[in-house]
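Q:
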Amino acid sequence: MVRLVALFAALGVSGGSRPPLATAADPPAVLLKPDRVFDGVTAECYPDWVVLVKGGRIAAAGPAGEVHAPKDAEVIELPGMTLLPGLIDAHSHLLLHPYDETPWEDQVLKEPLGERVCRATVHARANLLSGFTAMRDLGTEGAGYADVGIKRAIDKGVIPGPRLLVTTKAIVATGSYAPRGFAPEWGIPQGADEADGETIRRVVREQIRGGADWIKVYADTPHGPGPGSRPAFSLDELKLMVGTAGDAGVPVVAHANTKEGMRRAALAGVKTVEHGAEGDIEVFRLMAGKGVGFCPTLAADEAMARYAGWKPGTPEPGRLRSKRETMRAAIESGVAIVNGSDIGVFAHGDGARELELLVEYGLTPAQALRAATGAAADALQLGDKLGRVKAGLFADLVAVAGDPTADIKALRKVRLVMKGGTLYKRP
Ligand SMILES: [Zn+2]
0 MVRLVALFAA
10 LGVSGGSRPP
20 LATAADPPAV
30 LLKPDRVFDG
40 VTAECYPDWV
50 VLVKGGRIAA
60 AGPAGEVHAP
70 KDAEVIELPG
80 MTLLPGLIDA
90 HSHLLLHPYD
100 ETPWEDQVLK
110 EPLGERVCRA
120 TVHARANLLS
130 GFTAMRDLGT
140 EGAGYADVGI
150 KRAIDKGVIP
160 GPRLLVTTKA
170 IVATGSYAPR
180 GFAPEWGIPQ
190 GADEADGETI
200 RRVVREQIRG
210 GADWIKVYAD
220 TPHGPGPGSR
230 PAFSLDELKL
240 MVGTAGDAGV
250 PVVAHANTKE
260 GMRRAALAGV
270 KTVEHGAEGD
280 IEVFRLMAGK
290 GVGFCPTLAA
300 DEAMARYAGW
310 KPGTPEPGRL
320 RSKRETMRAA
330 IESGVAIVNG
340 SDIGVFAHGD
350 GARELELLVE
360 YGLTPAQALR
370 AATGAAADAL
380 QLGDKLGRVK
390 AGLFADLVAV
400 AGDPTADIKA
410 LRKVRLVMKG
420 GTLYKRP
């Protein structure tokens, strides 16, 4: 029970106001003996470390001679492997699947909710088994509060999946989102909740009542005569959103591609900015100064380019070339880069692609790993629970063959996945 209550607290769910759930017996102590440990903080691996897991948490981590396991502990040898904190993706969509399978609009308008939820359960499992033990899911895109139910099913052990932070329906300015392009006399359902001015308070509070751990706002979108994205909310509206959510202890995350959308979001007090296609050094410095994290979603950009006909290995389209410049500015600015991929636009289970691209776009492998572990946990305000191999934190751990600080592609060879001390995959 203690473990479950702590888990809910970690995920922003108040244990006091929600009914208690079934308890599970704590798994027995486990001693993990890899070749090396990446702790989620440092650039180096520790070659002689072992990790002891007890009661769902990391009981000890350190040199083999200094960690004393109980006699009955199960010893799991991990030869040739690196043990690292469970990976975190701060931008996922469990209720979407790749747009080259089914266009976004058809998923939103034509797939029944039951189908979408069934697919999401498969997605959750694929992500967990590929090493992602926590995800922040940034909008159900027409599937209402389905993410809240999926999170509960995972927490109850009904289906395997990562720990989830959910945003429910997300918020867009009236007329600024999609599906779009229909005759104005038809009221077409939208992929997010519309709100403006004073109605922002009500919509934020409704989503929080429905179970939102974070509020997601589309600070800019392609609306108006175009082309390209334009700011959708005023600075005052964004401040109202952040203030209303903040009163409930709920942080806000902003989708923003324009420099002005990013600037307003940062000034309003959001905690992370997503995509940032037109970000430059000035706006990234503003974000860095305000402690706003940046999720670049490189893998989604790459996927969208492929869906538009680009073949990897041929000259990159302008959108990808300019994203490289954006990343150079972000790295130079010192803004906290957080692993957030927009998975769902591309295949669930392929989350390692974002880390590979972070390295291709200029981070060292250790920096990319930190963006998906310690830095991601900090950005999600869970740094004292997740993202590091450290005594007291949840035993969310992954072992991969090889050394991902030398070659990030080692993340493709996941051999062990543990979440809260429970093994979901083992050698
Ligand atoms: Zn997204």
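For the sequence shown, numbering that gives the first Met the number 0 gives the first residue as 0, with consecutive numbering after it. Ideal Cβ positions, reconstructed from N, Cα and C, are used throughout, including at glycine.
At which residue ranges does the stretch 340-405 contain complete beta strand (DSSP E) runs of 3 or more residues, listed in the order of the chain?
A: DSSP runs (the beta strand (DSSP E)) wholly in the stretch 340-405: 396-400.
Q: Which residues count as close to ligand 1 when the rule is a CB under 6 Å from any of its heavy atoms, in chain order?
A: In chain order, the qualifying residues are H90, H92, L137 and D341.
Q: Which residue's Cα is closest to the Cα of S228: D154, G210 and N256?
A: The candidate whose alpha carbon is nearest that of S228 is N256.
Q: Kindly examine ligand 3 and report whether one of its heavy atoms sits closer than 7 Å to the Cβ of R414.
A: Among the ligands in the structure shown, ligand 3 does not appear; only ligand 1 can be found there.
Q: Please check the pair R124 and P159, which I expect to be a contact at CB under 8 Å, by giving their CB distance rounded to whole angstroms.
A: That pair is a contact at about 5 Å.
Q: Taking its Cβ as the centre, do 16 or more other Cβ atoms sit within 10 Å of T132, making it buried, or is it exposed?
A: T132 should be labelled buried.
Q: Please state the DSSP three-state secondary structure of F181.
A: F181 falls in the coil class under three-state DSSP.
Q: Could you tell me if D300 is buried or exposed, where buried requires 16 or more neighbouring beta carbons within 10 angstroms of its beta carbon?
A: With 16 or more other Cβ atoms within 10 Å, it is buried.
Q: Going by the CB atoms, is the gap between G143 and K486 shorter than 8 Å?
A: This structure cannot speak to residue 486, because the chain is shown only from 0 to 426.
Q: Under the assumption that I199 contacts E236 (Cβ atoms under 8 Å), give the Cβ distance between them as a whole number of angstroms.
A: Their Cβ separation, rounded to whole angstroms, is 6 Å, which keeps I199 and E236 in contact under 8 Å.
Q: Which residue wins for smallest C-alpha separation from R320, given the options E277, E355, A253 and P250?
A: Checked all of E277, E355, A253 and P250; the closest Cα to R320 is E277.
Q: Assign S175 to one of three DSSP states: helix, strand, or coil.
A: Residue state, collapsed to three classes: coil.
Q: Apart from the five residues on each side of it in sequence, which residues of its chain come closer than 7 Å, Cβ to Cβ, to G333?
A: The residues are A287.
Q: In this structure, what does DSSP give as the bridge partners for K32?
A: The partner list for K32 (beta bridge, DSSP) reads E76.
Q: Quick one, which of D47, P27, L239 and K238 has its alpha-carbon nearest P33's?
A: Cα-wise, what sits closest to P33 is D47.
Q: State the DSSP-derived secondary structure class of T167, mapped to helix, strand or coil.
A: The answer is coil: DSSP assigns T167 none of H, G, I, E or B.
Q: State the start and end residues of the unbroken alpha helix (DSSP H) segment that holds G260.
A: That run of the alpha helix (DSSP H) goes K258 to A267.
Q: Please name the residue in L354, V171 and G245 whose C-alpha comes closest to that of R204.
A: The shortest Cα separation from R204 among L354, V171 and G245 belongs to G245.
Q: Taking the straight line between their C-alpha atoms, what separation do you get for T101 and E273?
A: So the two alpha carbons sit approximately 23 Å from each other.
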